[in-house]
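Chemist: So the sequence shown is numbered by our numbering: it starts at 5 and just counts up by one.
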Amino acid sequence: MNKNELQYWVALSQIDLLGASKMKKLYSYFPDFSTLWHDATYSDFIDAGLNDRTAEIILNKKHQINPEEELTKLQTENIGVVTIQDSDYPDILREIHNPPALLYYKGNKTLFQTECLAIVGTRNMTAYGQQIAHNISQELSANQLTTVSGLALGIDTIVHHSTIQANGSTIAVLGSSLDQKNIYPSSNRSLANNIIEKNGLIISEFPLGTIPMRHHFPIRNRVISGLSRGTLVIEAGESSGALITAKYALEQNREVFAIPGNITSPMSIGTNNLIKQGATSVNQAEDILEILNLQSISKASDKNIPEGDNDQEKLILAHLNFEPTHFNDLRKKTTLNPSQLNAALSLMELNGKIKNIGNNEYIINYQ
C-alpha cells in the first residue's frame with residue numbers, strides 16, 4: 005500500500021470505536037480511505053453500515069487527527085504497518101472472523117508467512133509447566149516452527165525466552181500499542197527488545213498510545229490463535245485467560261492441544277478440562293508435528309535427556325518424565341529402599357539431572 009493511502013488507515017485506527025468489524029464495513033464500501041477521509045458524508049457512513057453514533061464520531065474525530073503526523077510518529081518509533089489489503093498480511097489470519105484491519109509490528113515481518121504454533125498458559129506456572137514450556141518451545145524451534153505467545157508473565161515469557169535460546173523464531177502479540185512506554189508488562193520490555201534483536205517479531209492491532217486495558221487481552225488472544233495452525237495450552241487454572249485463546253482456536257477451526265497435568269494442581273484444572281472436552285493431549289512436540297502433518301526434522305529432547313551414571317540412576321530416570329512423581333511412587337516403581345533412593349536422588353539433583361519441585365515430587369531436568 006502506498007504511503008499516502010496508508011496514513012488514512014493509520015488515522016482511522018486512532019478512533020477508538022472503530023474495531024475490526026466496523027473497519028471491514030468501511031474498507032468494503034469505500035474505494036479507498038483517502039476518499040473516505042476527505043469526501044465521505046454522514047449518509048455515506050450510514051450506507052456503509054455504520055450506526056448514527058459511529059458516523060458522527062468519525063466526522064468529529066477526523067478533524068482532530070493529522071494522518072501524515074500519525075504516520076511520522078510510527079516511523080520515529082520504528083513501527084511498521086501492514087493492512088489487510090497488503091500482500092504481506094498473514095494469509096492464515098485473513099481466514100478468521102473479524103481479522104484486524106491493521107497490524108502494527110516491530111521486527112521481522114517475514115515471520116507472518118511461516119508455520120506458527122501458539123503456546124499459552126497461566127501466569128502462575130509451576131516448575132512442571134515451566135519445564136514443559138521450555139522443552140516444547142525448543143523442540144518446535146528445532147523443527148522450524150515459529151512460536152506465538154502473548155508476552156505475559158509465566159508461560160508466555162518462558163516460550164519467548166526458550167525459543168530465542170534455541171535460535172528459533174517467535175512472535176509476541178500485545179494487548180497494548182508497541183511504543184516502548186506502553187509495552188506490557190513493563191518487566192518484559194527488555195524481552196520485547198530481545199525478540200526484535202533476535203530476528204523475532206512483536207505485533208499489535210492497537211494504535212500508538214494505547215495503554216494496556218483488561219478488555220484488550222481477549223481481543224489480542226484471537227490474533228494469537230488466528231496466526232497459528234494450532235494452540236497448545238501448557239498450564240491453566242479454571243478461569244485462565246489461556247482458555248479464551250483455546251476457545252478462539254476452536255472457533256477458527258484450528259487444532260487445540262493441552263498438556264495433561266497433576267489432578268491435584270489448580271494450574272492443571274483448565275488443561276485437564278480441555279482434554280475432557282476434546283482437546284488433543286500431548287506430551288512432546290513430536291505429537292503436535294504428527295497431528296499437524298509436519299515432518300519432524302529433529303527431536304531436540306533426545307539430545308537433552310540426562311543419562312544415568314550407574315544402574316540405580318538409570319532405573320530412576322526410566323520412571324521420571326515431565327510429570328511430577330512423588331518419592332513414595334518412585335520407591336514402589338524402582339523397588340529401591342528409602343535410604344538408597346534418597347541418596348541417589350540427592351546426588352542426581354546436585355548434578356542437575358533431576359529437579360525436586362516441592363512436596364517431595366521429582367521431574368527430569370531436560371536441558
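Using N, Cα and C, we set each Cβ at its ideal position, and we do this for glycine too.
Where Lys-337 and Gln-184 are concerned, what is the direct C-alpha to C-alpha distance, given to the nearest angstrom?
Modeler: For Lys-337 and Gln-184, the distance between alpha carbons rounds to 52 Å.
Chemist: Let's see if you can read the secondary structure: which residues bound the alpha helix (DSSP H) around Asn-139?
Modeler: Run containing Asn-139: 131 to 146, per the alpha helix (DSSP H) assignment.
Chemist: Smallest Cα separation from Gly-125: which of Ile-200, Pro-264, Glu-209?
Modeler: Nearest option by C-alpha distance: Pro-264.
Chemist: If you reduce the DSSP assignment to three classes, tell me which class Leu-236 lands in.
Modeler: Of the three classes helix, strand and coil, the one that applies to Leu-236 here is strand, per DSSP.
Chemist: What does the alpha-carbon distance come out to for the pair Gly-362 and Ala-240?
Modeler: The straight-line gap from Cα to Cα measures roughly 19 Å.
Chemist: Can you look up Val-177 in the DSSP assignment and give me helix, strand or coil?
Modeler: It is a strand residue.
Chemist: Distance check for Gly-234 and Ile-96, CA to CA, integer angstroms please.
Modeler: So the alpha carbons of these two residues sit roughly 11 Å apart.
Chemist: Compare the Cα-Cα distances from Val-177 to each of Ile-140, Ile-168, Arg-218, Leu-231 and report the closest residue.
Modeler: Of the candidates Ile-140, Ile-168, Arg-218, Leu-231, the one whose C-alpha sits nearest the C-alpha of Val-177 is Leu-231.
Chemist: Shortest alpha-carbon distance to Ala-283 belongs to which of Ser-17, Gly-53, Phe-37, Arg-258?
Modeler: For the residues Ser-17, Gly-53, Phe-37, Arg-258, the minimum Cα distance to Ala-283 belongs to Arg-258.
Chemist: On a CA-only basis, which of Ala-156, Ile-162, Gln-169 is nearest Gly-179? Give me that one, please.
Modeler: Comparing Cα positions, the closest option is Ala-156.
Chemist: Got a sec? Which residues, its chain only, sit under 6 Å from Leu-149 by beta carbon, not counting five neighbours each side?
Modeler: Result list for Leu-149: Glu-119, Leu-121, in chain order.
Chemist: Just to confirm my understanding: we take Val-227, look at its own chain, exclude 5 residues before and 5 after, and list those with CB closer than 6 Å. What are they?
Modeler: Hits under 6 Å: Val-177.
Chemist: Taking only the alpha-carbon atoms, compute the straight-line gap between Ser-181 and Tyr-109 and give it to the nearest angstrom.
Modeler: Cα to Cα, the separation comes out at about 10 Å.
Chemist: Where does the unbroken alpha helix (DSSP H) through Ser-272 begin, and where does it stop?
Modeler: Counting along the chain, Ser-272 falls outside any alpha helix (DSSP H), and DSSP gives it neither H nor E.
Chemist: Please state if the CB of Ile-248 and the CB of Pro-216 are separated by a distance shorter than 8 Å.
Modeler: Against a cut-off of 8 Å, the Cβ pair of Ile-248 and Pro-216 comes out as no contact.
Chemist: By a C-beta neighbour count over all protein chains shown, 10 Å radius and 16 as the cutoff for buried, is Tyr-93 buried or exposed?
Modeler: It counts as buried.
Chemist: For Ser-305, I'd like the list of residues in its chain whose CB is within less than 7 Å of its CB, leaving aside the five on either flank, ordered along the chain.
Modeler: Note that Ser-305 has pLDDT 42, beneath the 50 cutoff, so the model's placement of it is unreliable and the number below is only indicative. Correct list, in chain order: Asn-139, Glu-143, Gln-288, Tyr-370.
Chemist: Looking only at C-alpha atoms, which of Ala-146, Asn-186, Gln-134, Pro-104 sits nearest to Val-163?
Modeler: Comparing Cα-Cα distances from Val-163 to each of Ala-146, Asn-186, Gln-134, Pro-104, the minimum goes to Gln-134.
Chemist: Tell me whether Ser-243 sits in a helix, a strand or coil according to DSSP, three-state version.
Modeler: Coil at Ser-243, not helix or strand.
Chemist: Rounded to whole angstroms, what's the CA-CA distance from Thr-58 to Pro-35? Just pull it up for me.
Modeler: Cα to Cα, Thr-58 sits roughly 20 Å from Pro-35.
Chemist: May I have the straight-line CA-CA distance separating Leu-319 from Gly-23, to the nearest angstrom?
Modeler: Going from the Cα of Leu-319 to the Cα of Gly-23 covers about 58 Å.
Chemist: According to DSSP, is Ser-47 helix, strand or coil?
Modeler: Of the three classes helix, strand and coil, the one that applies to Ser-47 here is helix, per DSSP.
Chemist: Where do the N-terminal and C-terminal ends of the alpha helix (DSSP H) with Lys-77 fall, by residue?
Modeler: Lys-77 -> alpha helix (DSSP H) spans 71 to 80.
Chemist: Should Leu-324 and Ile-358 be called a contact, given that it needs their Cβ atoms to be closer than 8 Å?
Modeler: Yes, Cβ-Cβ distance for Leu-324 and Ile-358 is below 8 Å.
Chemist: If we call anything under 8 Å between Cβ atoms a contact, is Ala-253 one with Gly-274?
Modeler: Result no, Cβ atoms of Ala-253 and Gly-274 do not sit closer than 8 Å.
Chemist: Applying the 10 Å Cβ sphere with the 16-neighbour rule, what's the burial state of Lys-66?
Modeler: With 16 or more Cβ atoms within 10 Å of its Cβ, Lys-66 is classed as buried.
Chemist: On the CB-based measure, 16 or more other CB atoms within 10 Å of its CB, does Ile-267 come out buried or exposed?
Modeler: By the neighbour-count rule (16 or more Cβ atoms within 10 Å), Ile-267 is not buried but exposed.
Chemist: Around the C-beta of Lys-26, are 16 or more other C-beta atoms found within 10 angstroms, so that it is buried, or is it exposed?
Modeler: Label assigned to Lys-26: buried.
Chemist: Is Ile-19 near Gly-111, with beta carbons less than 8 Å apart?
Modeler: No. Outside cutoff.
Chemist: Is it the case that the Cβ atoms of Ile-88 and Pro-71 are separated by a distance below 8 Å?
Modeler: No, the pair does not count as a contact, with Cβ atoms beyond the cut-off.
Chemist: Give me the Cα-Cα distance between Ser-17 and Asn-225, rounded to the nearest whole angstrom.
Modeler: Answer to the nearest angstrom: the Cα atoms are 19 Å apart.
Chemist: Is Glu-107 helix, strand or coil by DSSP?
Modeler: In the sequence on display, residue 107 carries Leu and not Glu. Strand at Leu-107.
Chemist: Would DSSP call Lys-202 helix, strand or coil?
Modeler: In this structure, Lys-202 counts as coil in the three-state DSSP scheme.
Chemist: Assign Ser-91 to one of three DSSP states: helix, strand, or coil.
Modeler: Coil.
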